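K.L.:
Positions 186 to 477 (the working numbering) are the ones given, in order, by the sequence shown. Even for Gly, the Cβ is constructed at its ideal location relative to N, Cα and C. Owing to the predicted nature of the structure, the values given are computational and were not obtained by experimental measurement.
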Amino acid sequence: MTGNTETKATPMHMPAEKIVAQSDLYSDPSSTIRTPDAEARPARITAREVCVFYGPKQALFDVSIDIPEKAVTAFIGPSGCGKSTFLRCLNRMNDTIEGCRVTGTIRLDGSDIADPALDPVELRARVGMVFQKPNPFPKSIYDNVAYGPRIHGIAGRRDDLDAVVEQSLQKAGLWNEVKDRLKEPGTGLSGGQQQRLCIARAIAVSPEVILMDEPCSALDPIATARIEELIDELKQNFTIVIVTHSMQQAARVSQRTAFFHLGNLVEEGPTDMIFTGPLEKRTQDYITGRFG
186 MTGNTETKAT PMHMPAEKIV AQSDLYSDPS STIRTPDAEA RPARITAREV
236 CVFYGPKQAL FDVSIDIPEK AVTAFIGPSG CGKSTFLRCL NRMNDTIEGC
286 RVTGTIRLDG SDIADPALDP VELRARVGMV FQKPNPFPKS IYDNVAYGPR
336 IHGIAGRRDD LDAVVEQSLQ KAGLWNEVKD RLKEPGTGLS GGQQQRLCIA
386 RAIAVSPEVI LMDEPCSALD PIATARIEEL IDELKQNFTI VIVTHSMQQA
436 ARVSQRTAFF HLGNLVEEGP TDMIFTGPLE KRTQDYITGR FG
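In structure tokens, the structure reads:
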């Protein structure tokens, strides 16, 4: 360098003095390695020291993480690492599994989701779920989307229900393909269309969070690309958490990535950093294909 001119590098991530202000996680002495975002995002979900047991077997160990709002967070890791188990904790789907016990605290907008006063059905309306295999109801396309608004009393009049169905199908990128056959069975659609129908069904009840458990694993590359485009569009209005075995997909669709291994949350941080410069050797080994 010549003269007195100094070039200041733009920090890729948040300065140290702002880390604790964003979240208590960054002052937590846990074994998880964490890198905050350059710009702090409000957390929609916070989890602290979450453990999951199936009978005497412990499947998840002291997982703590913040899920930022209006962003996509990807959970990656080898099969059996606990990522789907933790995903199911976020809307209490593990409650439906006999012998499953969850400890720790998970809060949605500051409220404990394990509060006995909170109806799990209401929680699952606020935190929707899209499963690995498309699972449309054995009903018409219209009734698949209208089911949630009907049982939750969201749309009382037929005109209101029609509007909710149309808006949900439009948001799911499916309206133009099915608008002339809404009375036909949802099970008659292609696999990719069925998955988008399930996404429309989830967003019809205006959730705050959408959980996706490997939503593209049963789809062909063209249908997968359409779902990924949809996820990118949906993050403008929803908080999205996706479990995926595809590291390429995680890199394409998410803003933050969390790596799980043997029931532990090993590392979490901005997706670009996790894939280009992870700080933990296990993360590096998984990303580079040394195990998985």
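(1) Determine the closest residue to THR447 out of GLY262, ALA223 and GLU413, with distance taken between C-alpha atoms.
(2) What's the gap between the Cα of ASP251 and the Cα of GLY284?
(3) Which residue wins for smallest C-alpha separation from ARG277, given the options VAL257, ASP300 and ALA259?
(4) Under three-state DSSP, which class holds GLN421?
(5) Would you kindly work out how many angstroms separate the C-alpha atoms of LYS466 and GLU393, rounded to a whole number?
(6) For the beta strand (DSSP E) holding VAL390, just list the boundary residues, first then last.
(7) With 16 as the cutoff for other CB atoms within 10 Å, does ASP398 come out buried or exposed?
(8) Do GLN380 and VAL257 have their C-beta atoms closer together than 9 Å?
(9) At the level of alpha carbons, what is the spacing between SER296 and ALA244?
(10) When you compare the stretch 416-431 with the stretch 452-465, are there three or more beta-carbon pairs, one atom per stretch, that lie closer than 8 Å?
(11) Which one or two residues does DSSP pair with VAL248 in a beta bridge?
(12) Mind checking ARG229: buried by the 16 CB within 10 Å criterion, or exposed?
(13) With a threshold of 8 Å on Cβ separation, who are the neighbours of ASP470 within its own chain once the five nearest residues in sequence on each side are excluded?
(14) In its own chain, which residues sit with a C-beta less than 7 Å from the C-beta of TYR327, not counting the 5 before and 5 after it?
(15) Assuming ILE218 contacts GLY313 under a Cβ cut-off of 8 Å, what Cβ separation, rounded to an integer in Å, is found between them?
(16) Determine the direct distance from the alpha carbon of LYS324 to that of GLY371, and round the result to whole angstroms.
(17) Tell me whether VAL306 is buried or exposed, calling it buried when 16 or more other Cβ atoms sit within 10 Å of its Cβ.
(18) Look at the alpha carbon of ALA410 and the alpha carbon of SER264, and state the distance between them as a whole number of angstroms.
(19) Count the other CB atoms, across all protein chains shown, that sit within 10 Å of the CB of PRO221; report buried if there are 16 or more and exposed otherwise.
(20) Comparing alpha-carbon positions, which option in ILE388, GLY454 and ASN320 lies nearest ALA403?
P.N.:
Let me spell this out:
(1) The residue you asked about is not Thr; residue 447 is Leu in the sequence shown. LEU447 has its Cα closest to that of GLY262, out of GLY262, ALA223 and GLU413.
(2) 27 Å
(3) ASP300
(4) coil
(5) 35 Å
(6) Taken as a continuous stretch (DSSP letters only), VAL390 belongs to no beta strand (DSSP E), as it is neither H nor E.
(7) buried
(8) no
(9) 25 Å
(10) no
(11) VAL235
(12) buried
(13) PHE476
(14) VAL350, LEU367 and LYS368
(15) ILE218 to GLY313, Cβ: 30 Å. No contact.
(16) 6 Å
(17) exposed
(18) 23 Å
(19) buried
(20) ASN320
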